[in-house]
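First to last, the protein sequences are chains B and P.
Take 1 as the starting number for the first sequence in the UniProt record's numbering and just add one per residue.
Take 1 as the starting number for the second sequence in the UniProt record's numbering and just add one per residue.
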Amino acid sequence: MISEGKPYQAGAYDVIVVGAGHAGSEAALAAARMGNKTLLMTISLEMVAFMPCNPSVGGPAKGIVVREIDALGGEMGHNIDKTYVQMRMLNTGKGPAVRALRAQADKHAYHEEMKHTMEKEPNLTLRQGVVTGLIVEDGVCQGVITSTGAHYAAKSVVLTAGTASRGKIIIGELMYSSGPNNSQPSIELSENLEELGFDLERFKTGTPPRVDGGTIDYDETEEQPGDVEPNHFSFETPDEAYIDVKNQLSCWLTYTNEHTHDIIRENLERAPMFSGVIEGVGPRYCPSIEDKIVRFADKSRHQLFLEPEGRRTDEWYVQGLSTSMPEEIQQKILHSIKGLEHAELMRPGYAIEYDVVAPYQLRNTLETKLVKNLFTAGQMNGTSGYEEAAGQGLIAGINAGRRALGEEAFTLKRSDAYIGVMIDDLVTKGTKEPYRLLTSRAEYRLILRHDNADLRLTAMGHDLGLIDEDRFSQFETKQAAILAELQRLSSVRVKPNETVNNWLAEHDDAPLKDGVLASDFLRRPEVTYADLVKFIDAPAEDLDHRVVEQVEIELKYAGYIKKAEEKIAKLKRMEAKAIPAHIDYEAIEGLATEGRQKLIKIQPETLAQASRISGVNPADIAILSVYIEQGKVARV
Amino acid sequence: MSQTITEFDTIAAISTPPGEGAISIVRLSGEEALATAERVFKGRDLTQVASHTINYGHIVEPSSGEEVDEVMVSVMKAPKTFTREDVIEINCHGGIVATNRILQLLLSNGARLAEPGEFTKRAFLNGRIDLSQAEAVMDLIRAKTDKSMKVALNQLDGNLAGLIRNLRQDILDVLAQVEVNIDYPEYDDVETMTTRLLLEKARDVKSRIAELLSTAQQGKVLREGLATAIVGRPNVGKSSLLNHLLHEDKAIVTDVAGTTRDVIEEYVNVKGVPLKLVDTAGIHETDDKVEKIGVERSKQALEAADLVMLVINGSEPLTAEDRQLIDLTADSKRIVIVNKTDLPQQVTLPELQTLIGDDAIISTAVVTSAGMDQLEDKIAELFFGGIENSQTTVMVTNARHIGLLNQATQALDDVMTGIAAGMPVDLVQIDMTRAWDLLGEITGDSVQDELLTQLFSQFCLGK
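What follows is the structure, encoded as structure tokens:
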């Protein structure tokens, strides 16, 4: 900075959110909707809810997060439902727990829509500006300072600076200080966090080149259209709103080849990934193309998906080709690929390094342990992905808002939501690479489905004041309908008659000899709800297909669901065992050295969380629980 | 992706000291105590009987109906129990074989082996013990954990660990493939893991576990360790030898009254060979009683023994009784120990060798530990040398391991049941993952991020 603005008092807010990406947008909206006077500061208003990487939302695990955000009263689901150009349900051939919705977004419309939603929000002020530091007194965050000299007071502050945090873009030999997509980086704030004593780590991520769609030879690629069947992210979006598939935009599939790989191999010494220029740790699940070629040398080709960036642009995103090779090599790589032989490069791919607040420094409310009333969310906490960021932003915004209102903290358990899994992983285990949600991270994924996110979380969203009465009463109606139909099917019987047995014979199934409960009949693998109702009375009212879906899942997978629920019940009791905030681990005799160090570092809030820390063994947990109990006895 | 939840599990352990007394007690505590016991009990329905009653019946193997032992079962319902949880005590006929078998059955039917000091810990956490005892509880947990962990590791034969790790790796390959199919559905280079492939894998793993379990059930040697008798006339050093073995291997952990022992403490582990000491009570008896234990008592012990250690006092000439014992043990697998070599020797080894044929003589001075290494090597050599099939050298001898292997088998059965019921891969996988976790508990392998590491090292994924 050449010179700074003269300090002035710029006003007081309940909640200030710094950064308006996917985390910041959710945080600001949640805080404002809960009744807090909220200020959202962003380096650039053109970057609100911007998608610097892939133009898509959802997919396995991530799609479930979007539904969870929606059920809690967040915005991401609504926003993508208004701005998608293609919708696809993935994993339809698999079980209900892993089905996942994914949308291709109109990148610009997504940004515009979110920005406008926030502009319309009564308690929320958007302002462009660079936050250079925090006002912290006696370990309590009191507000923020901007480069223009503005001092804003706040009851709580949420930081969501993302890759702007001391960001550095690298393209081949070129390297410069920058936020995502050549935006202004945030440097002073990082320095301020270090001064405050935060442990910052350095991560890396990357993005592929964009090409001019008018120069792609689509005939050489394979079309990937959207779905005919309507689906949306928000539980509030009606099926009627669905865009007919012929008005959706397709993606196109192509592949790298040995020639592509040769170009990359020949130029590896110019790849910052391998020349030692890049210090940050990149994600294993989203490797750059040069990384793929080196690590999987025997693969003769890699898939690439060409994705449109919007309706009113010809820019196309080359998914799978993330790279930080020099620009001229990127062009050669592109031209070696079928369908892209004549593709014009519009933006080169790049790697970006940035600062991350090592997440062990956070509570599961996303408040920092070091500075009270200060929350962090999103990529800044070591995650990757818009959905992961938005999920954290929502939780941080809720807790910042509740703090400002003097209300109790709100947290999600691992058994409540993928968002709970993610935050627990981050604060308990930390992460050595940008963290992405995967379905395998959730031990209760059969319970954490996308179809039941509303059943899991709407009541919580309502209690938080983020779900209005209309929506809540609709939800209660749906809940009641599911219950009523489940009860009905557990009391009516399917009687053996010619119709039933003919049908069963057609489906290679054993005939009925006696009547069976409808619920048991539905458990036969080949029987669907639609089949079942042919053999019993129809329900009193026509049931919504979402109600039917729940009934079907509940009954068909009842055995597995019951087992999972039993495990969760046990877990909840462990979660209920709180560890006192100011426990002195040094004073507990008998803890193993490694266990003691980990406990001191992570400061778990419950015995269950403590038991998930690697290096803390069962004997340590036993000793800890006896120690805590001893304290209780002693106080009596 | 998985954690072992320990706080509210139903726990089981043998709560009487080893090899002593006519009655052994296996104790269960926790919410599932009654239900677990009922699964292996034939007699009155334990879940229905009044609290604080004792009930006659039999422990049976649920799958085969085979009777294991005639027992008396005490049913004590919460809260008026030691742990303030539901407590079951199975009084069985003593003998390590039956007692271990009962424990195994409980561990295969819903209970988990108690951690050291865990009954006491629960008693404290549930307010049964007062504050003054809390520190003692923590000391106990620490002391017993350190010791038992060492023993547990000794118990885990290297070959067994290797086999289990192979099984886990095989399962992991399958799990990783399923995960890739789920998390990267458009990734076209991975074969889709179908339920058919999953079924094949489940069958394969199950049959390999069955093989392992069969080594555990093959004979009492493999299941219970090598029944070993230490014989010899009075005052030749049998007792010292026994104590030496015990202390060397930290096998039997001194019990604090009111707490429990771990089943792994049953064995003396000598170079990987689990020795079950037969008639140790006889050896422990007081001097005047020892006089009464002559050849007659030794005869009985010999009948039950797989290995005989015949101890001779090298500092005294061979007596008639020594010679009688040499004759008596002639048909047994035998090691002759010439003890007290720290004193002037009266026994000449060549003379002794002619009396015992090809059997090994080991010279020891137990008080100075001289010769003990050679003795242990000899035991190992005899044991492993006597087993022809290399596969059977992988032994599953530990009740906890058997319990876990049985549970893993059940999980694999659930995989197959799920597939038969037309369940999708990702649901069937829940049980496959459980089998993997259970096997991991045997080897103590950390599960953290293992799957993700596999995923990203095996497949080139990107989005």
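All C-beta atoms, glycine included, are put in the ideal place defined by N, C-alpha and C.
Given the structure is predicted, the values throughout are model-derived calculations rather than measurements.
Check, Outcome
"Under 7 Å by beta carbon: chain B residues contacting residue 421 of chain P", "525"
"Alpha helix (DSSP H) segment containing residue 190 of chain B, residue limits", "188–195"
"Collapsed DSSP secondary structure at residue 235 of chain B in the structure displayed", "coil"
"Residues that residue 125 of chain P contacts on chain B, provided the C-beta gap is smaller than 8 Å", "625, 626 and 629"
"Sequence-distant residues of the same chain with beta carbon closer than 8 Å to residue 331 of chain B, five excluded per side", "345"
"CB contact flag (residue 356 of chain P, residue 326 of chain P, <8 Å)", "yes"
"Contact between the segment 128–142 of chain B and the segment 592–603 of chain B (3+ Cβ pairs under 8 Å)", "no"
"Spatial distance of residue 4 of chain B from residue 107 of chain B (CA atoms)", "34 Å"
"Under 7 Å (Cβ pairs) to chain B, residues found in the segment 57–77 of chain P", "none"
"Straight-line Cα distance separating residue 369 of chain P from residue 122 of chain P", "41 Å"
"Span of the beta strand (DSSP E) around residue 9 of chain B", "8–18"
"6 Å CB neighbourhood of residue 434 of chain P in its chain, flanking five on each side removed", "411"
"Residue 417 of chain P versus residue 205 of chain P: straight-line alpha-carbon distance, rounded", "15 Å"
"For residue 229 of chain B, the three-state DSSP class (helix, strand or coil)", "coil"
"C-beta contact flag for residue 329 of chain P and residue 236 of chain P at 8 Å", "no"
"Where the segment 247–277 of chain B meets chain P: residues whose CB sits under 7 Å from a CB there", "none"
"Residue-chain proximity (residue 114 of chain B, chain C), Cβ-Cβ < 8 Å", "Within the model displayed, chain C is absent; protein chains B and P are what it includes."
"Test: residue 382 of chain B CB closer than 8 Å to a CB of chain P", "no"
"Residues bridged to residue 347 of chain B (per DSSP)", "B/210"
"Local conformation of residue 512 of chain B per DSSP, three classes", "coil"
"Option in P/324, P/57 and P/367 with minimal Cα separation from residue 244 of chain P", "P/367"
"Where the beta strand (DSSP E) through residue 102 of chain B begins and ends", "100–105"
"Against chain B: residues of the segment 182–206 of chain P by CB proximity under 9 Å", "182, 183, 184, 185, 186, 187, 188, 189 and 192"
"Contacting positions in the segment 291–313 of chain B - beta carbon closer than 8 Å to chain P", "292, 295, 296, 299, 302, 303 and 305"
"Expected contact under 8 Å - CB spacing of residue 102 of chain B and residue 450 of chain B to nearest Å", "Actually they are not in contact, since the Cβ atoms of residue 102 of chain B and residue 450 of chain B sit about 11 Å apart, beyond 8 Å."
"C-alpha distance - residue 239 of chain P paired with residue 317 of chain P, whole-angstrom precision", "20 Å"
"Beta carbon proximity, residue 79 of chain P to chain B, threshold 8 Å", "no"
"C-alpha gap between residue 166 of chain P and residue 286 of chain B, whole angstroms", "29 Å"
"Residue 319 of chain B (DSSP reduced to helix, strand or coil)", "strand"
"Cβ neighbours of residue 350 of chain B in the same chain (closer than 7 Å, five flanking residues each side left out)", "169, 170, 171, 206, 207 and 324"
"Contact with chain P by residue 98 of chain B, beta-carbon distance below 8 Å", "yes"
"Chain B within 8 Å of residue 443 of chain P, Cβ atoms only", "no"
"Exposed unless 16 or more other CB atoms sit within 10 angstroms - verdict on residue 58 of chain B", "buried"
"For residue 594 of chain B, the three-state DSSP class (helix, strand or coil)", "helix"
"Exposure of residue 126 of chain B, with buried meaning 16 or more beta-carbon neighbours within 10 Å", "buried"
"Bridge partner(s) assigned by DSSP for residue 41 of chain P", "P/59"
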